[in-house]
Amino acid sequence: MDKSLRHFAYYAALILVIEGSDLPYLIEVINEIFVNDNGFYLKIIIQSLFIRQPSNPTIVRQIFISLHKNIRYFTQPSVWTNCKEILELIFTLEIEQITSNIQNTSIKITKSYLMMIQNCTEDLEVFLKQYLIEFINVENNFQHNIKEEHIAVIAKWIIEMSIGLFNPIKFSIFTFIHNQQFPRVQNATFKALNSIFIYHLPRKEHII
1 MDKSLRHFAY YAALILVIEG SDLPYLIEVI NEIFVNDNGF YLKIIIQSLF
51 IRQPSNPTIV RQIFISLHKN IRYFTQPSVW TNCKEILELI FTLEIEQITS
101 NIQNTSIKIT KSYLMMIQNC TEDLEVFLKQ YLIEFINVEN NFQHNIKEEH
151 IAVIAKWIIE MSIGLFNPIK FSIFTFIHNQ QFPRVQNATF KALNSIFIYH
201 LPRKEHII
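full-length UniProt numbering numbers the first residue of the sequence shown as 1 and each following residue consecutively.
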């Protein structure tokens, strides 16, 4: 296929995804994009998937999984999101990855899905705080180590996001450090801080 026609097909496939199409061949075309779009010409269209409520969550989920597997394209989105549904989807994928890592110790994937998101809009602050509190305190079927690791990943993302943008912590993650009601979140927050500073301090100076 001619290169210009191929890129048009890629563009058309992404537009169909945005509009909620569930045509079975779309995910195959999207996978080709991550391999063949060497100039990242379609990055802006892919970024738009992060800023709107997905019309077809199933295929958007598949796209995020494919994007996560493609190291070269994975770091490209770097988007802001204002969509609670997208953040919930990312959190679900994070939990699945953590669970898989714990159950399959021989094969571990360490990069977080949250690395694709540079920041969240302020209107998601209430949702994010509530999510952290409920995930720790509401009874569910997650093992303790899965819950704690999930919170640590989110805490690290929030802290790194604030450092990278030279902004104060927007989502009040440090309020949990002083609140004895949430000891698991306290521990996870300290773990997140240590995992960040480990790259900036000599080994003997780690804070934990």
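C-beta atoms are modelled at their ideal positions from N, C-alpha and C, and glycine is treated no differently.
Checklist line | Distance between R61 and I86 (C-alpha atoms, nearest Å) | finding: Reading the sequence shown from its first residue, position 86 is the one you call residue 86. Reading the sequence shown from its first residue, position 61 is the one you call residue 61. Answer to the nearest angstrom: the Cα atoms are 9 Å apart.
Next item on the list: Pick out whichever of E94, I46, E122 has its Cα sitting closest to the Cα of N82.
Entry: Here residue 82 refers to the residue found at position 82 of the sequence shown. Considering only alpha carbons, the answer is E122.
Next item on the list: Identify whether Q53 lies in helix, strand or coil by the three-state DSSP scheme.
Entry: Here residue 53 refers to the residue found at position 53 when the sequence shown is read from its first residue. Looking at Q53 - three-state DSSP - the assignment turns out to be coil, as it is neither helix nor strand.
Note to self: To test your reading of the DSSP string, which unbroken beta strand (DSSP E) runs of 3 or more residues are found completely within the segment 55-137?
What the structure shows: 79-81, 117-120
Next item on the list: Let me know if E205 comes out buried or exposed under the rule of 16 or more other beta-carbons within 10 Å of its beta-carbon.
Entry: Along the sequence shown, one-based indexing puts residue 205 at 205. Any reading at E205 must be qualified, since the residue scores a pLDDT of 46, below 50, and its modelled position is unreliable; no value is offered.
Notebook entry, point to check: Helix or strand or just coil, what does DSSP make of F139?
Noted result: Here residue 139 is taken as the residue at index 139 of the sequence shown, counted from 1. Position check: residue 139 holds Glu in this sequence, whereas Phe was assumed. Looking at E139 - three-state DSSP - the assignment turns out to be coil, as it is neither helix nor strand.
Item checked: Residue of S48, L5, F50, R52 minimising C-alpha distance to V29 -> Working through the sequence shown from its first residue, we reach residue 29 at position 29. Residue L5 is the option with its Cα nearest to V29.
Next item on the list: Decide if P64 is buried, meaning its Cβ has at least 16 other Cβ atoms within 10 Å, or exposed.
Entry: By 1-based counting over the sequence shown, the position of residue 64 is 64. Per the sequence shown, residue 64 should be read as Phe rather than Pro. So F64 counts as buried.
Next item on the list: Quick one: measure Cβ to Cβ for A155 and T189, integer angstroms, because I've assumed they're closer than 8 Å.
Entry: Taking the first residue of the sequence shown as 1, we reach residue 155 at position 155. Taking the first residue of the sequence shown as 1, we reach residue 189 at position 189. With 8 Å as the limit, A155 and T189 qualify as a contact, their Cβ atoms being about 5 Å apart.
Note to self: With the cut-off set at 8 Å, would you say S66 and I18 are in Cβ contact?
What the structure shows: Position 66 of the sequence shown, counted from the first residue, corresponds to residue 66. Position 18 of the sequence shown, counted from the first residue, corresponds to residue 18. No; because the gap between Cβ atoms is not below 8 Å, this pair is not in contact.
Note to self: Tell me which residues share the same chain as N104 and place their Cβ nearer than 7 Å to its Cβ, disregarding the 5 neighbours each side in the sequence.
What the structure shows: On the sequence shown, residue 104 is found 104 positions in, with the first residue counted as 1. Answer for N104: no residue qualifies.
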